[in-house]
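What follows is a set of notes on a single structure, which appears directly below.
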């Protein structure tokens, strides 16, 4: 992985997460009805962090769940490697909740499409919102995020990576040379 | 099958157990794939389990059943295979009375072949669901003492279980009358008992096999009553063991022959859990084979 530029560093990352937590609470008038759904793998860690932040602000625990969208992907037939299944783990009833779907990078919108389909199979939430750390453009589907950490216009040859401490050892957003 | 593969399947199965708990128990994963269930032998439970697993993955399912005895093996299987090829199917689930039939098919067809039981040879998905059920109950398979009792010589379940359990590090023992235990089975690394009471004292779980009357050409034991007295798993016997023994049975049960009714329905029985896990295991196998890109497999 060759890093071309670091867009957000450790401190900026924490500030961005704090802002997202406040925005989510503002929009939903508190944490009462919220359920945070992290899309595996990195969205899972972001969801956990946001939940912690929200608990600090509101002094109230929010529901957190994790979504593995592998079974709903539209490119299973075209991929060459064996998909790895980590499993969906949502231990609260999504019906009647305002769900906030959380992912690291919003790009084509296909992951979000799959996540929406899967969530609908799990129940009938009141609403579903989308929070992402980075929106890098190049949408292929009519999907838009409600909460964005940072808009980073990119060329398709570049790749944006959101690094999280739990997996990568540091919190950062970087642009790397595309691998294809 | 290497240990990593078994572990991958068991891990993947957990994800599908979660899917089976949902209000909508269906995922779009195998949309557009066609699966043929090719059953040359009657089977209700395995076929239903596979069919449910296939439909819950959104595959298109065709059932092709052939009444057992009327099929002449070699020629017809090849012909059937050619027909299937022409129908452009992606996967074939086969049950056949002849050992090695699935292997044969995998050589002549491009489609992915899944063995749903071949003769007295193997029944891999049954062994996988047995192992999943044991792991769910005990949290591990390594070091677990598992006894297999009953009609081992006519049982594909037994052979697949022995291979799988040994690979995963379990201690396996077998028990039954000499006429129903294949000669030389100890070469597979299992302990052989002819006294059920002795074996029960030394196992954590007991996989009770069905007496396959339909496969017995001649009487292999004096009477059903005598079999039950000597090898039937009863409450009385289990109480004597001094510790709880978990009961598995691949079904269908001959009640009060190999397993007494009260034991089958007791809290130590995993039998209905096995049925549920059977669908999840088959979903896992279909998912892993159906989404992998390779020429053929078995």
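Protein chains in written order, with my numbering: chain A, 1 to 180; chain B, 181 to 478.
Positions of the beta carbon are idealized from the N, C-alpha and C atoms, including for glycine.
Classify residue 267/B as buried or exposed, calling it buried when 16 or more other Cβ atoms lie within 10 Å of its own Cβ.
exposed
Could you name the residues that DSSP lists as bridge partners for residue 183/A?
The requested residue 183/A is not part of the displayed model; chain A covers only 1 to 180.
Using a Cβ cut-off of 9 Å, which residues of the stretch 444-469 of chain B contact any Cβ in chain A, in chain order?
464, 467, 468
Does the stretch 131-151 of chain A come close enough to the stretch 10-27 of chain A that 3 or more CB-CB pairs lie under 8 Å?
yes
Residue 324/B (DSSP reduced to helix, strand or coil):
coil
For residue 333/B, the three-state DSSP class (helix, strand or coil):
coil
Residue 148/A and residue 160/A closer than 9 Å at C-beta:
no
Report buried or exposed for residue 125/A, applying the criterion of at least 16 other Cβ atoms within 10 angstroms of its Cβ.
buried
Can you tell me where the beta strand (DSSP E) with residue 407/B in it begins and where it stops?
No beta strand (DSSP E) contains residue 407/B, which is instead part of the alpha helix (DSSP H) from 404-411.
Round the Cβ separation of residue 264/B and residue 237/B to the nearest angstrom and send it over; I've been treating them as touching at under 8 Å.
Going by Cβ atoms, the distance from residue 264/B to residue 237/B rounds to 20 Å, so no, they are not a contact pair.
Mind reading off the beta-carbon distance from residue 230/B to residue 307/B? Whole number of angstroms is fine, and I expect it under 8 Å.
The pair is not a contact, with the Cβ atoms about 15 Å apart (cut-off 8 Å).
Does the Cβ-Cβ distance between residue 414/B and residue 440/B come in under 9 Å?
yes
Since residue 36/A meets chain B, which of its residues come closer than 9 Å, beta carbon to beta carbon?
Correct list: empty, because the minimum Cβ distance to chain B is about 18 Å.
Please classify residue 151/A as buried or exposed, where buried requires at least 16 neighbouring CB atoms within 10 angstroms.
exposed
Cβ-based neighbour list, residue 271/B, same chain, cut-off 8 Å, excluding 5 preceding and 5 following:
213, 214, 215, 216, 239, 291, 292, 293, 294, 466, 469, 470
Within a Cβ cutoff of 7 Å, which residues of the same chain sit near residue 370/B, ignoring the five residues on either side of it in sequence?
342, 352, 353, 354
Under 8 Å from the C-beta of residue 121/A: neighbouring residues of chain B
202, 203, 204, 206, 207
Reduced DSSP category for residue 111/A - H, G, I as helix; E, B as strand; rest coil:
helix
Does the pairing of the stretch 296-305 of chain B with the stretch 420-428 of chain B give three or more beta-carbon distances under 8 Å?
no
Taking one C-beta from the stretch 388-408 of chain B and one from the stretch 362-379 of chain B each time, how about it: are there three or more such pairs within less than 8 Å?
no
Beta-bridge pairing of residue 129/A - partner residues as DSSP gives them:
100/A
Compile a chain-ordered list of the residues in the stretch 94-105 of chain A whose CB is closer than 7 Å to at least one CB of chain B.
none
Determine the extent of the beta strand (DSSP E) in which residue 396/B is found, giving its start and end residues.
Unbroken run through residue 396/B: none, as it is neither H nor E.
Report the option in 323/B, 395/B, 364/B whose CA atom is closest to the CA atom of residue 382/B.
323/B
CA nearest to the CA of residue 117/A, picked from 243/B, 349/B, 436/B, 209/B
209/B
Beta carbon of residue 3/A, beta carbon of residue 16/A: below 9 Å?
no
List the residues of chain B whose Cβ lies closer than 8 Å to the Cβ of residue 72/A, in chain order.
207, 208, 209
When the Cα atoms are used, what is the spatial distance from residue 194/B to residue 102/A?
24 Å
Grab the span of the beta strand (DSSP E) containing residue 91/A for me, first residue to last.
No beta strand (DSSP E) holds residue 91/A; DSSP gives it neither H nor E.
With which residues is residue 240/B paired in a DSSP beta bridge?
214/B
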